[in-house]
Every structure is written in structure tokens, then in C-alpha cells.
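In the working numbering, the protein residues as written are 1 to 370.
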């Protein structure tokens with residue numbers, strides 16, 4: 001059995017950019033907060049990371065089914081070695097069993113507090129820990145939870161994270177109108193959890209300065225998109241069937257037109273962003289919540305699209321990979337037709353006051369899941 005290590009004062013090895021990193025052996029990915037460092041990834045069984053200031057640490061251990069015979073054994077292993085004191089809860093992460101705990105412990109006579117997640121995988125188990133000094137935990141809790149929430153068990157990437165899933169204990173289904181007196185059921189608690197995740201990520205985004213803001217902004221939208229993606233499975237399938245008699249281009253037009261007719265509202269929360277799933281069932285939202293909704297549904301349909309956001313214009317739109325005449329946005333050597341989400345205009349039309357391509361940032365979710 002390999003020895004468990006919990007490091008706190010790290011030697012900085014490599015600064016991370018705005019992309020998830022993948023551990024093929026452990027079959028997981030993690031999308032660390034911008035500015036975090038790799039401390040040690042020389043041993044694929046145990047990877048270590050830290051925040052830019054070294055005050056927060058994260059470790060992920062991978063254990064084969066030969067080393068660990070069950071999830072409880074892994075929990076006991078960590079609990080015994082680090083004398084963990086705190087509360088834990090069981091949860092189900094997709095088809096895998098998991099345990100999430102908030103624990104106090106001591107390392108080298110230093111009081112620590114952290115969040116630990118233990119999860120089954122296809123061929124083994126993951127032990128994920130993220131922690132800091134006990135006195136710093138309250139201020140660090142958002143970034144700690146976000147870090148653990150960014151872990152994905154491969155090959156699925158577009159799904160809610162561990163914290164989001166573990167926070168959703170009970171379904172509260174309601175009947176919601178979609179189109180032409182057609183109804184589907186949606187989960188109110190799922191909407192509540194998705195908004196909690198958005199507010200957490202917005203607080204993290206607000207902590208970044210100008211130099212790191214763009215990368216942090218991309219991560220912000222990425223985690224929100226992934227958290228909402230499967231929450232929109234039922235709606236995406238419903239709309240696909242409802243408009244099945246039309247061509248792909250016509251279905252895209254109908255989707256964009258449907259969302260354009262929503263009521264324009266702001267969330268009035270810190271994030272100023274209503275979750276895409278709430279936007280769908282409340283028929284309201286602003287530009288970026290509507291754009292994320294359209295992009296998610298299009299991906300369910302197998303249509304590639306990107307999010308276009310502009311800090312200068314305070315606006316967001318969708319870029320769609322389709323054969324269509326109109327204004328286009330070049331992103332990663334590809335052309336995307338622009339689709340406005342808050343004005344009832346045809347795909348390909350854009351206001352002259354927001355038409356400077358250099359003012360727009362493209363964010364792609366497609367490549368991460370394909």
C-alpha cells in the first residue's frame with residue numbers, strides 16, 4: 001500500500017492555464033482554479049497541487065481494486081492515518097458510490113481543515129482531499145469546494161461535479177410548460193443547486209485581477225456549463241422530438257427564436273446570472289444564461305457551437321457551426337455564424353454597435369467532451 005501524503009508548504013513546479021488536466025491511469029480530469037500549481041505529478045497514483053500562494057493544497061490518490069477492496073476501506077485508511085474528525089455523507093456519483101466529508105486534522109502540530117471525497121471508479125477508487133489551515137478555511141471554502149467539484153471521472157466530462165451531486169439529496173419534481181401546452185417534469189431542487197454553484201463560482205471569479213481574469217472567466221463558464229448540461233437532458237430530447245419534422249437548420253432557427261422570446265430578466269444575485277436550467281423553465285434570463293442554454297441544447301443535438309462574451313459590450317451571444325449566410329465569428333481557425341439571444345432577429349444578424357470581432361472572447365465547450 002502506497003503511503004498517503006498531505007503536503008502544505010509546496011515547492012512550485014508548474015503554473016496551470018485555463019484547461020483541465022487528465023490523469024489517464026486514474027481515469028479522471030481536474031480543472032484547477034487559475035493560477036494553481038502542479039506540485040508533484042511524477043507518480044500517477046498520487047498527484048499534488050496548490051494555490052498560487054501555497055495556502056491551499058489538493059491531492060488526488062488513485063487506488064486499484066487490488067489495494068482497496070471497498071470504499072469503506074479507503075475511508076478508514078484516510079481516517080486512521082490522519083485522525084480525521086468531522087462529518088461525512090454518502091452520495092452517488094453517476095453509478096459510483098461516494099463519501100464526502102468535512103474534517104479537521106493535524107499535520108506536524110498544525111491544525112488543518114479540509115474537504116475529502118472518496119469515490120469509486122470503473123477500476124478502482126479515488127481519494128480526493130483539499131485543505132488549508134483551520135483558521136483560513138472559511139475564507140478558502142469556495143475555492144476548496146470548486147476544486148473538488150472540477151474533478152470528472154472519465155470518459156464523461158459534461159456532468160455535474162462531486163460537490164454539486166452530493167448537495168442534491170432529493171428530487172422535487174414539478175410539471176413545467178414548454179411549448180404549445182406541452183409539459184415535461186423538471187426538478188426544482190436541481191435548479192436550486194445549480195444556482196448555488198453559480199454563486200460560488202461568481203465569488204471566485206470576482207477575486208481575480210486583470211491579468212488572470214480571462215482564464216478565470218473561461219473556467220467560470222465551463223463549470224457552469226458542465227453543471228447544467230445533464231440537467232437539460234430531458235428538455236433537449238423533448239425539443240428534438242417536437243421539431244423532428246424539420247431540417248437541422250430549421251430546428252436551430254426554431255430553438256434560437258424560442259429563446260429570443262423569453263422575458264429579459266437579471267438574477268438580482270451576486271452572479272447576475274440565472275442558471276441555464278432555470279432560464280429554460282422560467283422562460284426568462286439575460287444574454288449569457290440564454291446563450292449557455294442554447295449551446296447546451298445544440299450539443300445534445302450534435303451541433304457544435306461556442307459562447308461569445310464581451311466584457312466591453314457587457315453582452316453574450318452564440319456562435320453556431322452551420323452553413324448559413326450572415327455575420328460570422330472566427331474562432332480557432334473555424335467560422336461560426338452569430339446568433340443573438342435577447343433580440344428577435346434572424347441568425348446571422350448583429351447590431352453594428354457590438355460588431356467589432358476584437359471585442360469578443362470565444363469559449364468552446366465542445367472540444368472538452370468530444
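Quick reminder that beta carbons are idealized off the backbone N, C-alpha and C, glycines included. Because the structure is a prediction, the values reported are computed rather than measured.
Name the residue from 32, 31, 54 and 61 whose alpha carbon lies nearest to the alpha carbon of residue 43. Within the chain shown, residue 43 is the residue found at index 43, counting from 1. Residue 43 has its Cα closest to that of 61, out of 32, 31, 54 and 61.
Could you tell me which residues DSSP puts in a beta bridge with residue 310? One-based indexing of the chain shown puts residue 310 at position 310. Under the DSSP definition of a beta bridge, residue 310 partners with 315.
Return the residue from the list 275, 128 and 312 that minimises the CA-CA distance to residue 230. On the chain shown, position 230 is the one that residue 230 refers to. The residue with the shortest Cα to Cα distance from residue 230 is 275.
With 16 other CB atoms within 10 Å as the buried threshold, where does residue 280 fall? Walking along the chain shown from the start, residue 280 turns up at place 280. Buried, since its Cβ has 16 or more Cβ neighbours within 10 Å.
Could you check how far apart the C-beta atoms of residue 45 and residue 74 are, in whole angstroms? I think they sit under 8 Å. In the chain shown, counting from the first residue as 1, residue 45 sits at position 45. In the chain shown, counting from the first residue as 1, residue 74 sits at position 74. Contact between residue 45 and residue 74 fails: their C-beta atoms lie close to 13 Å from each other, not under 8 Å.
List the residues that DSSP assigns as beta-bridge partners of residue 334. As a working note, residue 334 is residue 334 in the chain shown. BP columns for residue 334 point to 331.
Cβ-based burial, residue 266 [other Cβ within 10 Å; buried from 16]: What you label residue 266 is simply residue 266 of the chain shown in a count that begins at 1. With fewer than 16 other Cβ atoms within 10 Å, it is exposed.
Tell me the DSSP secondary structure of residue 353 in three-state form. Sequence index remark: in the chain shown, residue 353 carries index 353 (1-based). Look at residue 353 here: in three-state DSSP terms it is helix.
Enumerated in chain order, which unbroken segments of the beta strand (DSSP E) with a length of 3 residues or greater are wholly contained in the region 245-318? Correct list: 305-310.
Cβ neighbour criterion (16 or more within 10 Å) applied to residue 343: For the purposes of this step, residue 343 is taken as residue 343 along the chain shown, with counting starting at 1. Under this definition residue 343 is an exposed residue.
Do residue 143 and residue 115 have their beta-carbon atoms positioned less than 8 Å apart in this structure? As a first step, residue 115 is located in the chain shown; it is residue number 115 there, counting from the start. As a first step, residue 143 is located in the chain shown; it is residue number 143 there, counting from the start. The answer is no: Cβ separation not under 8 Å.
Rounded to whole angstroms, what's the CA-CA distance from residue 177 to residue 283? Just pull it up for me. Indexing the chain shown from 1 puts residue 177 at position 177. Indexing the chain shown from 1 puts residue 283 at position 283. Each residue's Cα considered, the two are about 10 Å apart.
Could you give the residue range of the beta strand (DSSP E) that holds residue 120? Taking the first residue of the chain shown as position 1, residue 120 is located at position 120. Unbroken beta strand (DSSP E) run through residue 120: 110-120.
So the beta strand (DSSP E) residue 192 belongs to, where does it begin and stop? For the purposes of this step, residue 192 is taken as the residue at position 192 of the chain shown. It is not in any beta strand (DSSP E) - residue 192 instead sits in the alpha helix (DSSP H) that spans 188-206.
Would you mind sorting residue 256 into buried or exposed? The rule is 16 or more other CB atoms within 10 Å of its CB. Locating residue 256 in the chain shown gives position 256, where the first residue counts as 1. Buried is the call here.
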